[in-house]
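Just so you know, the protein sequences line up as chains A and B, in that order. For the first sequence, my numbering begins at 1 and goes up steadily by one. For the second sequence, my numbering begins at 1001 and goes up steadily by one.
Protein chains: 2
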Amino acid sequence: MPHQPTIHAVAEAAQVSIATVSYALAGKGNMSNATRERVLAVAAELGYAPNRIASALRHRRSHVIGLVNDTISTTPFAGHVLLGANTAASQAGLVVMTMSTNDEPDTEDRDFEILRSYQVDGIIYAKMFHQEITVPPALLKLPSVIVDAAPSTRERPAIVPDEEQIGATATSYLLDHGHRDIVHLGIDANLPSSRGRRKAYESVMRAAGATPRVVHGESNAQGGYDATLRALRDGPATALFCFNDQMGMGAYAAAATLGLDIPRDLSVVGVDNLELVAAALRPGLTTLRLPHYEMGVWAVEELARQMDRDPSPADQFETLAIACPLVERESVARRT
Amino acid sequence: MPHQPTIHAVAEAAQVSIATVSYALAGKGNMSNATRERVLAVAAELGYAPNRIASALRHRRSHVIGLVNDTISTTPFAGHVLLGANTAASQAGLVVMTMSTNDEPDTEDRDFEILRSYQVDGIIYAKMFHQEITVPPALLKLPSVIVDAAPSTRERPAIVPDEEQIGATATSYLLDHGHRDIVHLGIDANLPSSRGRRKAYESVMRAAGATPRVVHGESNAQGGYDATLRALRDGPATALFCFNDQMGMGAYAAAATLGLDIPRDLSVVGVDNLELVAAALRPGLTTLRLPHYEMGVWAVEELARQMDRDPSPADQFETLAIACPLVERESVARRT
DNA sequence: CTGTTAGCGCTTTCAG
DNA sequence: CTGAAAGCGCTAACAG
């Protein structure tokens, strides 16, 4: 492949020393404007771009950050984190190196090792759904942040969706639309998401003088279908707050089976805002968007802060809970 | 942050010269096994990992490849390409640097520049749906491959889904199940995918002595809904071959509206295998999977080949069409 | 079998 | 205002 021009080539072509070229490009140093312009022109002419690998070696700053997540597929979540991270990185003059450990812890450690050997300035450690973790020791060797997982210690900053806000917002929204018989389609697993959403649902219901009722199901369409059937069989329900959009999709199918019209006979709220599902359903599914993009952005910004205040070894960090916006579509009707 | 140990530190600790350490780690050179083991042990002890940035500077080989795509979100496609690329890269001792140009051509050029300044050994240029492109000039300056887009020149190798095979497989599958009145729900846009699938559909139908009928709609659920209504109104149809799963989802909704049972009254085949949709629909949607993962894998393998045979400047490359497997679920019934 | 050394491309101090 | 030179961490040719 054609070699890229080096700083030497530019210096020679511009009839100056390499130091001058370096200064001119960095906008530093004192030199005649004429010289500066000439150097810049020559550099542009030759298509010169500094070798950032050499510069990183010198500076001990690569301007590369690593992003490792358990798996980049099946859901658009990872995509949004990545997109957010990439966008923010561009802004900050950084570049992202991605690694996907297929959720194997040894791969994970190897990946941290590799990233470190590339001298990344920091690492974003992202999980694909909100969970509790212990921070991998390798992360403590350099600036790092955690996305969509809550570390059990305060060793590193983290950001997660605000699960209680999700539950509260969804429930209030239905209450505000005049519903009283709102049942929550929850899941069995003991996760921050299931606990938080349920807890907020229950307390908002009680605060409004309504009676909470939770029906459990698998966290997929089939589970939503089954749970909806049970919910409707076992008591009155004019609205469903589903753990996620997939279950909401199942609720639609169950409603169809029962000859119920959404939203006239049954209102539904989901969580996730899976565009592919929520926007495609008829009527569109009102849901709460998980702020993966924003978490990606926050992660690089926080990392950047951590990078240049060169954190004191035993800092204490917060786990931020970030609000999830409601995305209104047509699946909720006002009850009069 | 704690400095990583350098090769000097290891040499000192092991009481040898840095060259010996380098050799020991590389498994090269001649030295006593005792020395080698000791060096290795010391290195492990100190948690030493070679600075790959220094090594890249020396070798003029970074073992980093760049991946730029128009947008990493909304669809799981990009995720699968990335995952494939990452997995194959790990295998090959490479690492991936991702960039997402939000489809802005200037961002794109800047991204190529940045990747080159990081001395990437090659670039994967991925589009998020099959289209025709002219290869960006910046890509010709280094090894590169194109994913999910067909370059109008043969300057670089590319890989795309085999659109005609998709049309042929879907159609034959329905024919084999005894259907004759198969209508194709197509889209208006003039794309390789719409053209190829339609063309194969028509010729397979004719070859079987059946009459092709195409109904157009928007490429989303609403479009599929509308198109299905029209298809069923304007003529006989026992099966639908939909341009994508989203339209298939619309077909389900239309069938429900008309009181038609899938698959008893109407069989449906989609394309994309959007897990979130196809597996969640009731009954599960039979569809063809777009091999994004495999394209990602192929891309790094092809890149690796290109990297070490150091391609002659004016090579001619092929655009590969890769087969898309049928994913059978329950949306197709045998017609007797 | 082991050590010395030049140099990858860049930045920056220090002399001129 | 400009240039020479040291050195970031590593590799590999060469000398011992």
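Even for Gly, the Cβ is constructed at its ideal location relative to N, Cα and C.
Whether residue i touches residue j by CB criterion (8 Å)
i	j	result
R1289 of chain B	H1177 of chain B	no
F1112 of chain B	A1138 of chain B	yes
A239 of chain A	A231 of chain A	no
V1068 of chain B	Y1118 of chain B	no
Q1096 of chain B	A1089 of chain B	A quick correction: the sequence has Val, not Gln, at residue 1096 of chain B. In this structure, A1089 of chain B lies closer than 8 Å to V1096 of chain B by Cβ.
E163 of chain A	H130 of chain A	yes
I18 of chain A	H3 of chain A	no
A200 of chain A	T228 of chain A	no
G122 of chain A	S100 of chain A	no
R198 of chain A	V214 of chain A	yes
D70 of chain A	M128 of chain A	yes
G235 of chain A	G84 of chain A	no
P1076 of chain B	Y1048 of chain B	no
V1120 of chain B	S1194 of chain B	no
Range covered by the alpha helix (DSSP H) that runs through residue i
i	result
K1028 of chain B	Premise fails: K1028 of chain B is in no alpha helix (DSSP H) and is neither H nor E.
N341 of chain A	No answer is possible for residue 341 of chain A: it lies beyond the span of chain A, which begins at 1 and ends at 336.
S1062 of chain B	That residue, S1062 of chain B, is in no alpha helix (DSSP H); it is neither H nor E in DSSP.
T1171 of chain B	E1163 to D1176
Q1004 of chain B	Per DSSP, Q1004 of chain B belongs to no alpha helix (DSSP H) and is neither H nor E.
Y125 of chain A	Here Y125 of chain A belongs to no alpha helix (DSSP H); instead the beta strand (DSSP E) covers G122 to I133.
V1297 of chain B	H1292 to D1308
S194 of chain A	P192 to A207
L1229 of chain B	A1221 to D1234
V16 of chain A	That residue, V16 of chain A, is in no alpha helix (DSSP H); it is neither H nor E in DSSP.
Residue i at chain A interface by Cβ criterion, 8 Å
i	result
R1282 of chain B	yes
P1076 of chain B	yes
N1069 of chain B	no
S1032 of chain B	no
L1083 of chain B	yes
A1041 of chain B	no
N1086 of chain B	yes
Q1091 of chain B	no
N1220 of chain B	yes
V1095 of chain B	yes
M1128 of chain B	no
T1098 of chain B	yes
N1244 of chain B	no
R956 of chain B	There is simply no residue 956 of chain B to check, as chain B begins at 1001 and stops at 1336 in what is shown.
G1259 of chain B	no
M1205 of chain B	no
E1113 of chain B	yes
Proximity winner among the options, relative to residue i (alpha-carbon distances)
i	options	result
C242 of chain A	A:A44, A:G167, A:V327 and A:R61	A:G167
H1216 of chain B	B:A1210, B:S1203 and B:G1248	B:G1248
L25 of chain A	A:A207, A:Q15, A:A43 and A:E12	A:A43
A92 of chain A	A:I65, A:I114 and A:T134	A:I65
A1280 of chain B	B:Q1316, B:V1271, B:E1294 and B:R1329	B:R1329
T153 of chain A	A:T319, A:G250 and A:R197	A:T319
S1331 of chain B	B:T1101, B:A1200, B:T1287 and B:A1254	B:T1287
I1187 of chain B	B:D1226, B:H1063, B:L1174 and B:R1282	B:D1226
T87 of chain A	A:A253, A:Y293, A:T35 and A:F77	A:Y293
A299 of chain A	A:E275, A:D148, A:V204 and A:A251	A:D148
S1203 of chain B	B:L1303, B:Q1165, B:R1060 and B:N1244	B:Q1165
R1116 of chain B	B:G1079, B:T1098 and B:L1142	B:L1142
E1302 of chain B	B:A1255, B:T1257 and B:I1146	B:I1146
A221 of chain A	B:P1325, B:R1282 and B:T1098	B:R1282
Residue range of the beta strand (DSSP E) that includes residue i
i	result
A1115 of chain B	Contrary to the premise, residue 1115 of chain B reads as Leu rather than Ala in this sequence. Note, L1115 of chain B: premise wrong, no beta strand (DSSP E); alpha helix (DSSP H) at P1105 to S1117.
V271 of chain A	S267 to D272
V1096 of chain B	V1095 to S1100
T1257 of chain B	From DSSP, T1257 of chain B is part of no beta strand (DSSP E) but of the alpha helix (DSSP H) over D1245 to L1258.
A321 of chain A	T319 to I322
Residue-chain proximity (residue i, chain B), Cβ-Cβ < 8 Å
i	result
P291 of chain A	no
N273 of chain A	no
Q119 of chain A	yes
I123 of chain A	no
A278 of chain A	no
Does the region 1040-1059 of chain B come close enough to the region 1265-1277 of chain B that 3 or more CB-CB pairs lie under 8 Å? no
Does the count of Cβ pairs from the region 249-262 of chain A and the region 199-212 of chain A closer than 8 Å reach three? Output reads no: the region 199-212 of chain A does not touch the region 249-262 of chain A.
Is there contact here, the region 1143-1162 of chain B with the region 132-146 of chain A, by at least three beta-carbon pairs under 8 Å? Because the criterion of three Cβ pairs below 8 Å is not met, the region 1143-1162 of chain B and the region 132-146 of chain A do not touch.
Would you say the region 97-111 of chain A touches the region 1102-1110 of chain B, given that touching needs at least three Cβ pairs under 8 Å? no
Assess contact between the region 1033-1047 of chain B and the region 1009-1024 of chain B, defined as three or more Cβ pairs (one per stretch) separated by less than 8 Å. Is contact present? yes
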